[in-house]
Amino acid sequence: MPPFGLGTFRLKGQVVQDSVREALELGYRAIDTAQGYDNEGEIGQTIADSGVDRSELYITTKIKPDNYSADKLVPSLRESLDKLGVDAVDLALIHWPAPRGPVSAGEYLGALADAHAQGLTRQIGVSNFTVALLKQARELLGDLPITTNQVEIHPYLQNRKLAEFARQEGIHLTSYMTLAVGKVMEDEVLQDIARAHDVTPAQVALAWAMGQGYSVIPSSTRREHLESNMKALDLRLSDEDMGRIAALDGQGERLANPASVAPDWD
Ligand SMILES: NC(=O)c1ccc[n+]([C@@H]2O[C@H](COP(=O)([O-])OP(=O)(O)OC[C@H]3O[C@@H](n4cnc5c(N)ncnc54)[C@H](OP(=O)(O)O)[C@@H]3O)[C@@H](O)[C@H]2O)c1
10 MPPFGLGTFR LKGQVVQDSV REALELGYRA IDTAQGYDNE GEIGQTIADS
60 GVDRSELYIT TKIKPDNYSA DKLVPSLRES LDKLGVDAVD LALIHWPAPR
110 GPVSAGEYLG ALADAHAQGL TRQIGVSNFT VALLKQAREL LGDLPITTNQ
160 VEIHPYLQNR KLAEFARQEG IHLTSYMTLA VGKVMEDEVL QDIARAHDVT
210 PAQVALAWAM GQGYSVIPSS TRREHLESNM KALDLRLSDE DMGRIAALDG
260 QGERLANPAS VAPDWD
């Protein structure tokens with residue numbers, strides 16, 4: 010999957026339309042949304058108005074826990090496709106593992122595999138899965154590959170146990186909230202590294218994540234941020250820079266942790 014894309018969590022109405030329109034103008038081609046973000050319709054409209062060819066885009070959506078049962082998942086994804094104005098998404102993810110929820114992993118992953126078999130999504134994946142849940146998901150899915158596990162990873166929460174397992178097993182990770190929702194901008198270490206490279210702390214955090222092989226999907230409502238964030242693709246950090254950022258692990262809290270659907274984290 011593409012290493013760099015646009016996040017759209019929290020963005021609704023005109024705000025999400027402006028963000029996606031400007032991002033597409035600037036050359037973004039991967040967009041991350043979710044049924045739970047309540048913005049698929051606005052994103053679909055903006056894509057249609059942009060004139061960018063569908064074949065150039067990589068669109069990810071996520072199934073929300075309310076739609077996990079075998080009778081709901083496929084119809085809910087069809088509804089997402091209608092809103093997004095596409096025949097299929099590139100990637101559909103299980104948004105949260107919901108291990109204490111009413112629907113088993115076997116049922117929702119089976120339904121996601123059905124959606125894939127019906128051509129509603131080109132690839133499938135998961136989000137917020139731990140090592141134990143990833144192992145279980147792989148057993149349940151058999152030969153069908155998990156394209157990514159989208160998880161919170163930023164300099165203050167580096168998720169090392171999961172990252173090590175993913176590396177050993179060849180499972181790709183997508184880092185969400187790579188900017189710790191803006192907190193990285195205030196960080197003295199990241200500011201110092203940024204000064205040395207004549208870039209922004211946001212670019213440093215994004216290059217740090219991509220340098221470890223993770224995809225990133227930062228969101229922004231400002232054109233200048235959208236533009237500069239994308240330039241992180243061109244930034245190479247030194248081993249010393251990477252080491253300084255590695256030392257920031259554990260200095261922050263987990264930012265996304267909804268009790269009803271979150272797992273027992275690694
Ligand atoms: N799978 C999941 O459960 C899950 C959970 C959370 C998020 N996600 C996905 O990951 C995406 C990224 O996470 P996020 O949007 O929560 O947080 P984020 O990308 O870490 O941070 C976004 C925040 O950073 C600010 N920002 C962006 N670029 C900046 C820059 N260059 N300089 C200064 N500030 C900057 C933005 O403000 P401005 O608008 O002012 O630029 C916004 O407030 C989401 O949009 C969503 O698609 C997935």
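Position 247 (the sequence shown) corresponds to 256 in my numbering; numbering is contiguous. Ideal Cβ placement from N, Cα and C applies to all residues, glycine included. From a predicted model like this one, the values you see are computed outputs, not experimental measurements.
#1: Return the chain-ordered list of same chain residues with a C-beta closer than 6 Å to the C-beta of P12, the five sequence neighbours on each side being excluded.
#2: Are the beta-carbon atoms belonging to L86 and A124 less than 7 Å from one another?
#3: Run the proximity test for N238: is its beta-carbon closer than 6 Å to any non-hydrogen atom belonging to ligand 1?
#4: For the alpha helix (DSSP H) containing V140, name the first residue and the last one.
#5: Which two residues bound the contiguous beta strand (DSSP E) that contains A101?
#6: Which residues in the same chain have their Cβ closer than 8 Å to the Cβ of E236, if we skip the five residues on either side of it in sequence?
#7: Does the distance from the C-beta atom of T70 to that of V95 stay below 7 Å?
#8: Nearer than 6 Å: is that true of the beta carbon of V24 relative to any heavy atom of ligand 1?
#9: Take Y67 as the anchor and find which of M10, Y46, I52, Q54 has the nearest alpha-carbon.
#10: Between A241 and chain D, is any beta-carbon pair separated by less than 7 Å?
#11: Just confirm the distance between the C-beta atoms of G16 and I226, as a whole number of angstroms; I'd bet it's less than 8 Å.
#12: Could you give the DSSP three-state label for Q159: helix, strand or coil?
#13: My parser needs the beta strand (DSSP E) runs of 3 or more residues fully inside the region 80-134; what are they?
#14: Any heavy atom of ligand 1 closer than 6 Å to the Cβ of Q177?
#15: Who are the near neighbours of Q260 in its chain, counting only those whose CB is closer than 6 Å to its CB and skipping five residues on each side?
#16: What span of residues does the beta strand (DSSP E) with K170 cover, start to end?
#17: Mind checking whether the beta-carbon of A265 lies closer than 6 Å to any heavy atom of ligand 1?
#18: Closest to K92 by C-alpha separation, out of A114, I52, L82, would be which residue?
#19: Count the other CB atoms, across all protein chains shown, that sit within 10 Å of the CB of P106; report buried if there are 16 or more and exposed otherwise.
#20: Closest by CA to G50, which one among Q26, R231, L171?
#21: Answer yes or no: do A241 and L215 have a C-beta to C-beta separation smaller than 7 Å?
#22: Can you tell which of Q167, H181, R176, D275 has the C-alpha that lies nearest to the C-alpha of V135?
#23: Out of E195, K21, E65, which one is the CA nearest neighbour of Y46?
#24: Go ahead and pull the three-state DSSP assignment for T187.
Quick look at the numbers:
#1: Once the five neighbours on either side are set aside, the close Cβ partners of P12 are M219, S224.
#2: yes
#3: yes
#4: First-last of the alpha helix (DSSP H) with V140: 140-150.
#5: 98-103
#6: L35
#7: no
#8: no
#9: M10
#10: Of the chains in the structure shown, none is chain D; there is only one protein chain.
#11: Right, the Cβ-Cβ distance comes to about 4 Å (below 8 Å), so this counts as a contact.
#12: Strand at Q159.
#13: The qualifying runs are 98-103.
#14: no
#15: Y165
#16: Where K170 is concerned, there is no enclosing beta strand (DSSP E), although the alpha helix (DSSP H) it sits in stretches over 169-178.
#17: yes
#18: I52
#19: buried
#20: Among Q26, R231, L171, the Cα nearest to that of G50 belongs to Q26.
#21: yes
#22: H181
#23: Proximity to Y46 across E195, K21, E65 peaks at K21, based on C-alpha coordinates.
#24: For T187, the three-state secondary structure derived from DSSP is coil.
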